[in-house]
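A short write-up of the structure that comes next.
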Amino acid sequence: MEYDPVIGLEIHAQLLTDSKIFCGCSTKFGASPNTLTCQICLGMPGVLPVLNKKVVEYTIKMGLATHCRINAECSFARKNYFYPDLPKGYQISQYAYPLAEQGYVDLELEEGRKRIGITRIHMEEDAGKLMHDEHNPSSYIDLNRTGVPLIEIVSEPDIRSAEEASAYLRRLHEILVYLGICDGNMEEGSFRCDANVSIRPKGQEAFGTRAELKNMNSFRNVQRALEYEIKRQQYILEGGGEVVQETRLWDDTGGVTHSMRSKEEAHDYRYFPDPDLVAVAISREWVEEIHKGLPELPLEKRERFIRDYQIPAYDAGVLTTSRALADYYEEVVKLSGQPKVASNWIMGDILRFINEEKRDITACPVTPQALADMIRLIEEGTISGKIAKEVIEEMYKTGKPAKAIIEEKGLVQITDEGALAQVVTEVMAANPNQLAQYRGGKDKLFGFFVGQVMKATQGKANPQLINDLLKKMLAG
Amino acid sequence: MELNQLTIHELQEKIKAGETTSTEIVQAVFRRIDAVEKDVHAYILLTREMALEGAARADEEIKKGNIKTLTGIPIALKDLLCTKGVTTTCASHILHNYVPPYDATVVEKLRDAGAVFTGKTNMDEFAMGSSTETSYFGITKNPWDLERIPGGSSGGSAAAVVADECIAAIGSDTGGSIRQPAALCGVVGMKPTYGRVSRYGLVAFASSLDQIGPFTKDVEDCAIMMNILAGYDPRESTSVPADVPDYRQFLSRGIGGWKVGIPKEYFIEGIDAEVKDAIQQTIKVIEGMGAKCIEVSLPHTEYCLAVYYIIAPAEASSNLARYDGVKYGFRSLDGRDLMEMYKKSRSAGFGAEVKRRIMLGTYVLSSGYYDAYYKKASQVRALIKQDFDEAFKQCDVLLTPTTPTPAFKIGEKTDDPLQMYLSDIFTISTNLAGIPGMVVPCGFTRAGLPVGVQFLAGHFEEGKLIQIAAAYEKNANLGKRRPKL
Numbered sequence: 001m002e003y004d005p006v007i008g009l010e011i012h013a014q015l016l017t018d019s020k021i022f023c024g025c026s027t028k029f030g031a032s033p034n035t036l037t038c039q040i041c042l043g044m045p046g047v048l049p050v051l052n053k054k055v056v057e058y059t060i061k062m063g064l065a066t067h068c069r070i071n072a073e074c075s076f077a078r079k080n081y082f083y084p085d086l087p088k089g090y091q092i093s094q095y096a097y098p099l100a101e102q103g104y105v106d107l108e109l110e111e112g113r114k115r116i117g118i119t120r121i122h123m124e125e126d127a128g129k130l131m132h133d134e135h136n137p138s139s140y141i142d143l144n145r146t147g148v149p150l151i152e153i154v155s156e157p158d159i160r161s162a163e164e165a166s167a168y169l170r171r172l173h174e175i176l177v178y179l180g181i182c183d184g185n186m187e188e189g190s191f192r193c194d195a196n197v198s199i200r201p202k203g204q205e206a207f208g209t210r211a212e213l214k215n216m217n218s219f220r221n222v223q224r225a226l227e228y229e230i231k232r233q234q235y236i237l238e239g240g241g242e243v244v245q246e247t248r249l250w251d252d253t254g255g256v257t258h259s260m261r262s263k264e265e266a267h268d269y270r271y272f273p274d275p276d277l278v279a280v281a282i283s284r285e286w287v288e289e290i291h292k293g294l295p296e297l298p299l300e301k302r303e304r305f306i307r308d309y310q311i312p313a314y315d316a317g318v319l320t321t322s323r324a325l326a327d328y329y330e331e332v333v334k335l336s337g338q339p340k341v342a343s344n345w346i347m348g349d350i351l352r353f354i355n356e357e358k359r360d361i362t363a364c365p366v367t368p369q370a371l372a373d374m375i376r377l378i379e380e381g382t383i384s385g386k387i388a389k390e391v392i393e394e395m396y397k398t399g400k401p402a403k404a405i406i407e408e409k410g411l412v413q414i415t416d417e418g419a420l421a422q423v424v425t426e427v428m429a430a431n432p433n434q435l436a437q438y439r440g441g442k443d444k445l446f447g448f449f450v451g452q453v454m455k456a457t458q459g460k461a462n463p464q465l466i467n468d469l470l471k472k473m474l475a476g
Numbered sequence: 477m478e479l480n481q482l483t484i485h486e487l488q489e490k491i492k493a494g495e496t497t498s499t500e501i502v503q504a505v506f507r508r509i510d511a512v513e514k515d516v517h518a519y520i521l522l523t524r525e526m527a528l529e530g531a532a533r534a535d536e537e538i539k540k541g542n543i544k545t546l547t548g549i550p551i552a553l554k555d556l557l558c559t560k561g562v563t564t565t566c567a568s569h570i571l572h573n574y575v576p577p578y579d580a581t582v583v584e585k586l587r588d589a590g591a592v593f594t595g596k597t598n599m600d601e602f603a604m605g606s607s608t609e610t611s612y613f614g615i616t617k618n619p620w621d622l623e624r625i626p627g628g629s630s631g632g633s634a635a636a637v638v639a640d641e642c643i644a645a646i647g648s649d650t651g652g653s654i655r656q657p658a659a660l661c662g663v664v665g666m667k668p669t670y671g672r673v674s675r676y677g678l679v680a681f682a683s684s685l686d687q688i689g690p691f692t693k694d695v696e697d698c699a700i701m702m703n704i705l706a707g708y709d710p711r712e713s714t715s716v717p718a719d720v721p722d723y724r725q726f727l728s729r730g731i732g733g734w735k736v737g738i739p740k741e742y743f744i745e746g747i748d749a750e751v752k753d754a755i756q757q758t759i760k761v762i763e764g765m766g767a768k769c770i771e772v773s774l775p776h777t778e779y780c781l782a783v784y785y786i787i788a789p790a791e792a793s794s795n796l797a798r799y800d801g802v803k804y805g806f807r808s809l810d811g812r813d814l815m816e817m818y819k820k821s822r823s824a825g826f827g828a829e830v831k832r833r834i835m836l837g838t839y840v841l842s843s844g845y846y847d848a849y850y851k852k853a854s855q856v857r858a859l860i861k862q863d864f865d866e867a868f869k870q871c872d873v874l875l876t877p878t879t880p881t882p883a884f885k886i887g888e889k890t891d892d893p894l895q896m897y898l899s900d901i902f903t904i905s906t907n908l909a910g911i912p913g914m915v916v917p918c919g920f921t922r923a924g925l926p927v928g929v930q931f932l933a934g935h936f937e938e939g940k941l942i943q944i945a946a947a948y949e950k951n952a953n954l955g956k957r958r959p960k961l
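Sequence lines, in order, name chains A and B.
With this note's numbering as the guide, the letters of the first sequence map in order to residues 1 to 476.
With this note's numbering as the guide, the letters of the second sequence map in order to residues 477 to 961.
Below is the structure:
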């Protein structure tokens, strides 16, 4: 029997606010344990939370970017459970009244565009971290992360394969980073994903029993875990067994999922409205204001690049993977007036350089101005495209402008027709056999003569001029 | 008269006139404490050294002519108000060694007003109780009869004020915890409007009901304390940024032409005859002052107790989850793993009443029961609030008994939680509605036990309460009785 997977994802993204969601402590990552804490995030007796407005603003941004309805009023609830990394014994989250609901994102898949529904986006506080001593029977608690603002983005069960899940995850990641509200760092845990997955026989309407997958801390692991879990469930069903509802942990080294707790062991979180926080009223004006300030999102940008710059969809896709790269590209286009040429240089050379060094585009030694200047030098015929390959590498290494490098290395293109004609004459004289063959109808040898002329000029000859001269002179 | 027997305003006069010093006042208070505390046990912790140091500093200020509202006045704090560097136990084993790293907002305000603190007063564990018998640190006795309870949960604060072991005290009121002990000890007590006094630094019992307020020896002192305590606090989301009047302006206004509502549902079967008589007498005095007493109805009164015992334990079960032995307070060392450590710490750290309420609260919030209990209770709570809104359309304030009986005997109700819960029957609705309530002494039983009358007003109408209480106090002619200790 053939099976269709049904997948829904829950994404937790840490928001890039300066301070925590309910107190003034810093949200910086990597500080010494428990140094970024106060009585409030430590959950001391008697403390009270006060909501950070920036958190609401950022969540509204994400809601708008994913076409959600922003509710005029939302409120916080307590999710009660005991764990040492949760100092109050409850997490302040949203339950019955989330901030944003009923949105979607569009994915561009090989088989076309697909829309994935977003059930809700809500605000909550992060928990701390436990560290276990391998040599001692002791555990340590770092509460720096406690109270760092999170948004949870819950998808509809619209995802039908591990690849789609991965595409969805990348799309949300891209939007969050574009909006500047999350740094998207999966290793540091600022972007985390849980998945609900079930399978059902092809054509069947009803969903199968689902498993919840946790502990997948990279895009690759999400895809691997889902692929494994789909196969596991298929194997059970094909063997006549039943999938049980449970939470399973992804084991990266083993490449498998393990049962963590069954449905019976699941927590009863006893959600109830948090009496310490009043309902948050969100005015239409505020939402409008935030809407106006939203940056252009990746998909819109991609479409505009294809339309306005007449570049292929592939190029547009690559150039919009980050806002900084897209900005870089647009700056080069503005200064050079050559959208396709600019795209070629960025995708072919610049990205290769920075990827090799794992550098950010904003730290690229070749500024948009420098790249545009180089493109102009090619256009003006000062250097050939071939020479330019050498020049740009030098520009990246030294940070010097193209002009200086060309002068230093004597790379100026030979455009003197008389001088080049002399070279052509010499080449023809040195290769009488080939000349005879060419003239006898072997047109393919044209390239050989181009190569010889280039060699004689160390690549500095203007290619167009060589072409013209050779055509004329070889013809005899 | 000893200094410790005087009121805030009387002592202020003496200080301003140079007739006494803060040091003398504090010494008088501690002399009294040394004499009677072994019998009364109003305090969990005495901060004598700090009080004397504070008094010395106050006297310096007084010399410079820098006299603030409470400069040099000894105040007692209920032991659920966080005091930086001073143990705050909530009368619980689980917090027996907890030292807060910060001051509650009201503690800051009192200190800024010049107060010196005598210590932390006894209470029912986590403010859950009506008799101060559930304290881990022992029972507080009623100074009028040492075989009786002082009321609760702020029994220590009420007893300390009436026994002159401080000049005024701070308590908290979740279902009557200021007003009931004020009535049973014969002092003035005020539960302000929810959102009027900052809860920041008050160890939470039931967050949507808790409110801090003063115990004082007379109505004028209550106005003085309210002037300091009331006001918006940006550290609390439920604090209300409403203007705070000078409460002293209400002291001499009289109540001519007022309508005073008498809710008929508050005169139930089982109310003690002497309490009833005292209240009837009070109504006569009020009418004699030019006010008209009219009967009003609060039709949902019979549901108050049930609603309260769903909402308060639900919130408490969550509020008390942080006491898990991990970060501070008592930790059982017998646990072999995390779950056992939690269970043993909480089993040994909490007393029976607290555990009962945690279980109740956990139950009513459980999946499958939430709608039937918590949600339903929240809906009825809205109706109870509506009852009061309707009543205040017909009258300026309400007048009710505070408790069905005078102070009962120690141990009398400890085995019967329901009987104990019933002693708050007249005070609970106030908290559910979020309105202010005030209790003033209105007489004594033949056995010499005090009775208190309760006045209730609409949201942020504390001024009206002070107005009627002050007028009544002036006209009641109860005389100055003191407990014989």
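Backbone N, C-alpha and C define an ideal beta-carbon position, used for all residues, glycine too.
Asked                                                                                                                                                                     : Found
What residue range does the beta strand (DSSP E) around Ala77(A) cover?                                                                                                   : 77-80
Just to make sure I have the definition right: I need the residues of chain A whose C-beta is within less than 7 Å of the C-beta of Leu841(B). Which are they?            : Arg270, Phe272
Would you call Lys539(B) buried or exposed, if buried means 16 or more other Cβ atoms sit within 10 Å of its Cβ?                                                          : exposed
Give the interface partners of Gln39(A) over in chain B, defined as CB-CB distance under 7 Å, in chain order.                                                             : Pro577, Tyr578
Report the rounded CA-to-CA distance for Glu125(A) versus Lys956(B), giving the unit in angstroms.                                                                        : 55 Å
Have a look at Val761(B) and Leu961(B) and give me their C-alpha separation to the nearest angstrom.                                                                      : 31 Å
Taking the beta strand (DSSP E) that Ile551(B) belongs to, which residues open and close that run?                                                                        : 550-554
To the nearest angstrom, how far is the alpha carbon of Gly24(A) from that of Ser218(A)?                                                                                  : 31 Å
Please determine, among Glu331(A), Ile414(A), Pro98(A), the residue with the shortest C-alpha to C-alpha distance to Glu73(A).                                            : Pro98(A)
Would you list the one or two residues that DSSP bridges to Leu213(A)?                                                                                                    : Ala195(A), Arg248(A)
For Asp709(B) and Val50(A), what's the separation of their Cα atoms in angstroms?                                                                                         : 11 Å
Counting only beta-carbon atoms, is Val673(B) nearer than 8 Å to chain A?                                                                                                 : no
Strictly below 7 Å CB to CB, what residues from chain B border Pro87(A)?                                                                                                  : Arg798, Lys803
For Leu319(A), which residues in the same chain have their Cβ closer than 8 Å to its Cβ, ignoring the five residues on either side in sequence?                           : Phe305, Ile311, Leu325, Ala326, Tyr329, Ser343, Ile346, Met347
Please check if any C-beta of chain A sits within less than 8 Å of the C-beta of Thr610(B).                                                                               : no
From Tyr818(B), Gly707(B), Ser498(B), Gln855(B), pick the residue whose C-alpha is nearest to that of Thr971(B); which is it?                                             : With chain B represented from 477 up to 961, any question about residue 971(B) goes unanswered, as that position is not in the structure.
Determine, using beta carbons only, whether Thr597(B) comes closer than 8 Å to chain A.                                                                                   : no
Which same chain residues end up closer than 8 Å to Thr209(A) when comparing Cβ atoms and leaving out the 5 residues on each side of it in sequence?                      : Ser198, Glu242, Val243, Val244, Gln245
From the DSSP output, read off the bridge partner residues of Asp106(A).                                                                                                  : Arg115(A)
Three Cβ pairs or more, each shorter than 8 Å: is that satisfied between the region 14-23 of chain A and the region 173-186 of chain A?                                   : yes
Using three-state DSSP, classify Glu483(A) as helix, strand or coil.                                                                                                      : With chain A covering only 1 through 476, there is no way to say anything about residue 483(A).
Quickly, what does DSSP pair Gly595(B) with across the bridge? List them, please.                                                                                         : Leu522(B), Ala552(B)
Do you know how far the Cα of Ala706(B) is from the Cα of Asp722(B)?                                                                                                      : 10 Å
Any idea which residues DSSP pairs Glu101(A) with across the strands?                                                                                                     : Arg69(A), Arg120(A)
For a test of the three-state rule: what should DSSP assign to Leu571(B), helix, strand or coil?                                                                          : helix
Is Ala100(A) near the ligand GTP, judged by its Cβ being under 7 Å from some heavy atom?                                                                                  : Within the structure as shown, the ligand GTP is missing, as the structure has no ligands at all.
Listed in chain order, which residues of the region 821-836 of chain B have Cβ atoms closer than 8 Å to some Cβ of chain A?                                               : none
What does Ser983(B) touch in chain A if you count any residue whose Cβ is under 7 Å from its own?                                                                         : This structure cannot speak to residue 983(B), because chain B is shown only from 477 to 961.
What residues from the region 535-561 of chain B come within 9 Å of chain A, judged by C-beta to C-beta, listed N to C?                                                   : Leu556, Leu557, Cys558
For Ile770(B), is the classification buried or exposed, using 16 other Cβ atoms within 10 angstroms of its Cβ as the cut-off for buried?                                  : exposed
If you measure between the beta carbons of Leu586(B) and Ile551(B), is that distance less than 8 Å?                                                                       : yes
Relative to the C-alpha of Asp697(B), which candidate in Arg729(B), Asp748(B), Ala645(B), Ser674(B) has its C-alpha closest?                                              : Ala645(B)
Let's test the definition: count the other Cβ atoms within 10 Å of the Cβ of Ser568(B) and tell me whether it reaches 16, buried, or not, exposed.                        : buried
Just to confirm my understanding: we take Leu294(A), look at its own chain, exclude 5 residues before and 5 after, and list those with CB closer than 8 Å. What are they? : Lys61, Leu64, Ala65, Leu179
Would you be able to state if there are at least three C-beta pairs under 8 Å between the region 814-834 of chain B and the region 746-765 of chain B?                    : no
In terms of residues, what are the limits of the beta strand (DSSP E) holding Ser155(A)?                                                                                  : 149-155
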